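Quick note, the sequence shown lines up with residues 303 to 421 if you use the working numbering.
Beta carbons: idealized from backbone N, C-alpha and C, even for Gly.
As the structure is a computational prediction, the values presented were derived from the model and not from experiment.
Quick notes on the structure that follows.
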Amino acid sequence: MKTKAILVAGGKGSRLYPFTRYTQKTLLPLYNRPVIDYALGTIRRGGIRRITIISNEHIGHIAKHIGQSLEDEQIHYVLEEEPQGVAHALQLARPHNDDCRLMIYFSDNITTVEFDNLV
(Lines of atoms letter the chains of each structure in order from A and count residues from 1; the text may use other names and numbers.)
(Lines give C-alpha, C1' and ligand atoms only; values in the text may rest on other atoms or scores of the structure.)
Protein backbone atom coordinates (compact mmCIF):
# COMPACT_ATOMS: atom_id res chain seq x y z
CA MET A 1 0.00 0.00 0.00
CA LYS A 2 1.35 3.40 -0.99
CA THR A 3 1.96 6.11 1.57
CA LYS A 4 0.73 9.63 0.96
CA ALA A 5 1.53 12.78 2.90
CA ILE A 6 -0.57 15.60 4.24
CA LEU A 7 1.52 18.69 4.76
CA VAL A 8 -0.25 20.95 7.26
CA ALA A 9 0.77 24.54 6.51
CA GLY A 10 -1.84 26.46 8.44
CA GLY A 11 -1.70 28.91 11.26
CA LYS A 12 -1.33 32.64 11.27
CA GLY A 13 2.28 32.79 12.41
CA SER A 14 1.39 35.37 15.03
CA ARG A 15 4.71 34.99 16.82
CA LEU A 16 6.48 35.92 13.61
CA TYR A 17 4.42 39.05 12.97
CA PRO A 18 5.00 41.45 11.15
CA PHE A 19 6.87 39.10 8.78
CA THR A 20 3.72 37.00 8.37
CA ARG A 21 1.43 39.90 7.64
CA TYR A 22 1.58 39.25 3.89
CA THR A 23 2.96 35.75 3.59
CA GLN A 24 2.54 32.32 5.14
CA LYS A 25 5.06 31.48 7.85
CA THR A 26 6.43 28.46 5.99
CA LEU A 27 7.40 30.70 3.07
CA LEU A 28 9.72 32.72 5.28
CA PRO A 29 13.39 32.01 4.49
CA LEU A 30 15.72 29.91 6.58
CA TYR A 31 19.24 29.86 5.13
CA ASN A 32 17.92 31.38 1.89
CA ARG A 33 15.23 28.71 1.39
CA PRO A 34 11.58 28.86 2.41
CA VAL A 35 10.91 26.66 5.44
CA ILE A 36 8.35 24.60 3.51
CA ASP A 37 11.13 23.42 1.15
CA TYR A 38 12.78 21.57 4.04
CA ALA A 39 9.51 19.78 4.86
CA LEU A 40 8.93 18.84 1.23
CA GLY A 41 12.49 17.59 0.95
CA THR A 42 12.01 15.31 3.94
CA ILE A 43 8.78 13.92 2.49
CA ARG A 44 10.28 13.43 -0.97
CA ARG A 45 13.39 11.70 0.37
CA GLY A 46 11.01 9.29 2.09
CA GLY A 47 9.78 8.25 -1.35
CA ILE A 48 6.34 9.83 -1.01
CA ARG A 49 5.04 11.20 -4.29
CA ARG A 50 1.40 11.97 -3.44
CA ILE A 51 1.19 15.08 -1.27
CA THR A 52 -1.74 17.17 -0.08
CA ILE A 53 -0.89 20.64 1.20
CA ILE A 54 -3.49 22.35 3.33
CA SER A 55 -3.24 26.00 4.30
CA ASN A 56 -5.09 29.23 4.93
CA GLU A 57 -5.66 32.24 2.69
CA HIS A 58 -1.99 32.11 1.66
CA ILE A 59 -2.41 28.77 -0.14
CA GLY A 60 -2.01 30.60 -3.45
CA HIS A 61 1.43 31.86 -2.42
CA ILE A 62 2.44 28.33 -1.46
CA ALA A 63 1.13 26.90 -4.75
CA LYS A 64 2.97 29.59 -6.71
CA HIS A 65 6.22 28.78 -4.90
CA ILE A 66 5.97 24.99 -5.20
CA GLY A 67 4.22 24.78 -8.54
CA GLN A 68 2.23 21.78 -9.66
CA SER A 69 4.65 18.98 -8.89
CA LEU A 70 7.81 17.27 -9.92
CA GLU A 71 7.79 14.51 -12.50
CA ASP A 72 6.05 11.38 -11.08
CA GLU A 73 4.61 13.44 -8.24
CA GLN A 74 1.09 14.63 -7.52
CA ILE A 75 0.33 17.62 -5.29
CA HIS A 76 -3.14 18.71 -4.21
CA TYR A 77 -3.72 22.10 -2.62
CA VAL A 78 -6.56 22.48 -0.12
CA LEU A 79 -7.81 25.78 1.29
CA GLU A 80 -8.87 25.87 4.93
CA GLU A 81 -11.12 28.92 4.80
CA GLU A 82 -11.95 29.01 8.50
CA PRO A 83 -9.28 27.72 10.89
CA GLN A 84 -10.85 25.13 13.19
CA GLY A 85 -7.84 23.13 14.29
CA VAL A 86 -5.72 20.33 12.92
CA ALA A 87 -8.46 17.68 13.01
CA HIS A 88 -10.67 19.84 10.81
CA ALA A 89 -7.78 20.50 8.41
CA LEU A 90 -7.15 16.77 8.09
CA GLN A 91 -10.84 16.20 7.39
CA LEU A 92 -10.67 18.72 4.53
CA ALA A 93 -7.69 16.85 3.07
CA ARG A 94 -9.42 13.47 3.35
CA PRO A 95 -10.93 13.27 -0.18
CA HIS A 96 -7.43 13.05 -1.67
CA ASN A 97 -6.22 10.48 0.86
CA ASP A 98 -8.70 7.64 1.20
CA ASP A 99 -7.50 4.03 1.29
CA CYS A 100 -3.84 4.67 1.97
CA ARG A 101 -1.30 5.01 4.74
CA LEU A 102 -0.67 8.62 5.69
CA MET A 103 2.25 10.64 6.89
CA ILE A 104 1.04 13.82 8.55
CA TYR A 105 3.77 16.43 8.60
CA PHE A 106 3.69 19.99 9.87
CA SER A 107 5.37 22.30 7.40
CA ASP A 108 7.17 24.41 9.99
CA ASN A 109 8.89 21.41 11.60
CA ILE A 110 12.45 20.76 10.57
CA THR A 111 14.06 17.44 11.41
CA THR A 112 17.09 15.40 10.50
CA VAL A 113 15.06 12.18 10.75
CA GLU A 114 14.81 10.39 7.44
CA PHE A 115 11.54 8.58 6.82
CA ASP A 116 12.52 6.27 3.96
CA ASN A 117 12.76 3.26 6.30
CA LEU A 118 9.51 4.13 8.06
CA VAL A 119 7.08 4.57 5.17
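Residue from the options whose Cα sits closest to the Cα of residue i
{"i": "I368", "options": "G315, T328, R317", "result": "T328"}
{"i": "M405", "options": "R347, G313, P320", "result": "R347"}
{"i": "T442", "options": "P385, T305, N411, Y324", "result": "Coverage of the chain is limited to positions 303 through 421, which leaves residue 442 absent and any answer about it impossible."}
{"i": "S409", "options": "I364, S316, F321, Y319", "result": "I364"}
Under the three-state DSSP convention, the category residue i falls into
{"i": "L332", "result": "strand"}
{"i": "K306", "result": "strand"}
{"i": "V415", "result": "coil"}
{"i": "L468", "result": "This structure does not reach residue 468, given that the chain is present from 303 up to 421, and the question cannot be answered."}
{"i": "R317", "result": "helix"}
{"i": "R403", "result": "strand"}
8 Å CB neighbourhood of residue i in its chain, flanking five on each side removed
{"i": "Y407", "result": "A307, I308, L309, V310, A341, T344, I345"}
Chain-order list of residues whose beta-carbon lies under 6 Å from that of residue i (same chain, five-residue window excluded)
{"i": "D401", "result": "none"}
{"i": "F417", "result": "G348"}
{"i": "I412", "result": "Y340"}
{"i": "H390", "result": "none"}
Neighbourhood of residue i by C-beta, 7 Å cutoff - its chain only, sequence neighbours within 5 removed
{"i": "L394", "result": "I356, V380, E382"}
{"i": "D374", "result": "R351"}
{"i": "V388", "result": "V310"}
{"i": "N399", "result": "K306, I308, T354"}
{"i": "P385", "result": "G312, N358"}
Cβ of residue i within 7 Å of any chain B Cβ
{"i": "D339", "result": "Annotation note: the requested chain B is absent from the structure, which comprises a single protein chain."}
Can you list, in chain order, the stretches of the alpha helix (DSSP H) that have 4 or more residues and sit fully within the segment 337 to 368?
-> 337 to 347, 361 to 368
Check whether the segment 358 to 366 touches the segment 339 to 348, counting contact only when three or more Cβ pairs, one atom from each stretch, lie closer than 8 Å.
-> Because the criterion of three Cβ pairs below 8 Å is not met, the segment 358 to 366 and the segment 339 to 348 do not touch.
Is the segment 376 to 395 close to the segment 317 to 337, with three or more CB pairs under 8 Å?
-> No: fewer than three Cβ pairs fall under 8 Å.
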